[in-house]
Amino acid sequence: MLRLFNKVGETVNKITYRMDESDPWFEERISRVEGLETQLRRLCGACEALAGERRELAARSHAPHAQPPHSPPLTRIRLSPEHCHISQIYTRRMEQSNTDFYVLTEHIKDYLGLIGAIKDVFHERVKVFQNWQHAQMQLTKRRENKAKAELANRPEKIEQASNEIIEVMQVDQSSSSCLFI
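Read in order, the letters of the sequence shown correspond to residues 349 to 529 in the working numbering.
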């Protein structure tokens with residue numbers, strides 16, 4: 349249950365938080381990835397429409413040959429090898445249509461999955477930036493607490509505040525090193 353709340357909180361934070369992008373390279377890449385995702389989604393929809401049209405075309409081309417004729421002599425003609433050949437062509441068209449559709453859409457969906465992974469990486473970068481900002485605020489807060497303890501001349505609080513500052517500085521350094529990789 350706790351994981352669910354964490355995921356919901358992370359999703360809300362992901363939607364609402366905007367990082368002021370100072371690096372034009374990342375800004376350009378993010379916009380390119382989003383554009384590529386949009387185009388691939390359109391392409392996937394177009395492929396589905398194309399496969400449906402090909403199935404419909406195959407069904408329409410086979411339909412006149414599937415209806416029974418009104419006279420017996422025409423029935424014998426329909427049973428000729430040509431009719432079998434037409435049936436094989438119909439089957440091949442349907443198989444080709446299905447194969448093309450599944451192969452192409454699987455590739456497109458794989459690319460969409462890769463784009464989703466890239467977007468997750470960009471989101472992780474934003475999360476690291478948020479953590480770094482939080483560590484900066486905590487460091488400022490701890491330094492203020494240490495200054496207050498020094499003014500109040502409380503040696504036990506000064507030592508505790510110094511230790512907290514060291515811990516927060518380590519977190520800040522690790523966050524900033526991750527941010528600028």
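Backbone N, C-alpha and C define an ideal beta-carbon position, used for all residues, glycine too.
Proximity below 8 Å, CB of residue i to CB of residue j
i	j	result
ALA406	SER445	yes
ALA536	VAL519	In the structure displayed, the chain extends from 349 to 529; residue 536 sits before or after that span and is not available.
GLU396	THR453	yes
ALA399	PHE470	no
Presumed contact (8 Å Cβ cut-off) between residue i and residue j, rounded CB distance
i	j	result
GLN486	VAL516	5 Å
LEU460	GLU404	Not quite, the Cβ-Cβ distance comes to about 26 Å (not below 8 Å), so this is no contact.
ILE466	VAL381	5 Å
Residues near residue i by beta carbon distance below 8 Å, same chain, minus five either side
i	result
ARG490	ALA509, GLU512, ILE513 and VAL516
LYS457	CYS392
ASN493	LYS505, ALA509 and GLU512
Same chain, Cβ closer than 7 Å to residue i, neighbours up to 5 away in sequence not counted
i	result
MET442	ARG403 and ALA406
Residue environment, residue i, which counts as buried when at least 16 other CB atoms sit within 10 Å
i	result
MET476	Strictly speaking, residue 476 in this sequence is Val, with Met absent from that position. That one is buried.
Beta-carbon contacts of residue i that lie in its chain and below 6 Å, excluding the five residues immediately before and after
i	result
ASN354	none
ARG389	none
Closer than 7 Å: residue i CB and nearest the ligand SAM heavy atom
i	result
GLY383	You won't find the ligand SAM in this model; it holds no ligand whatsoever.
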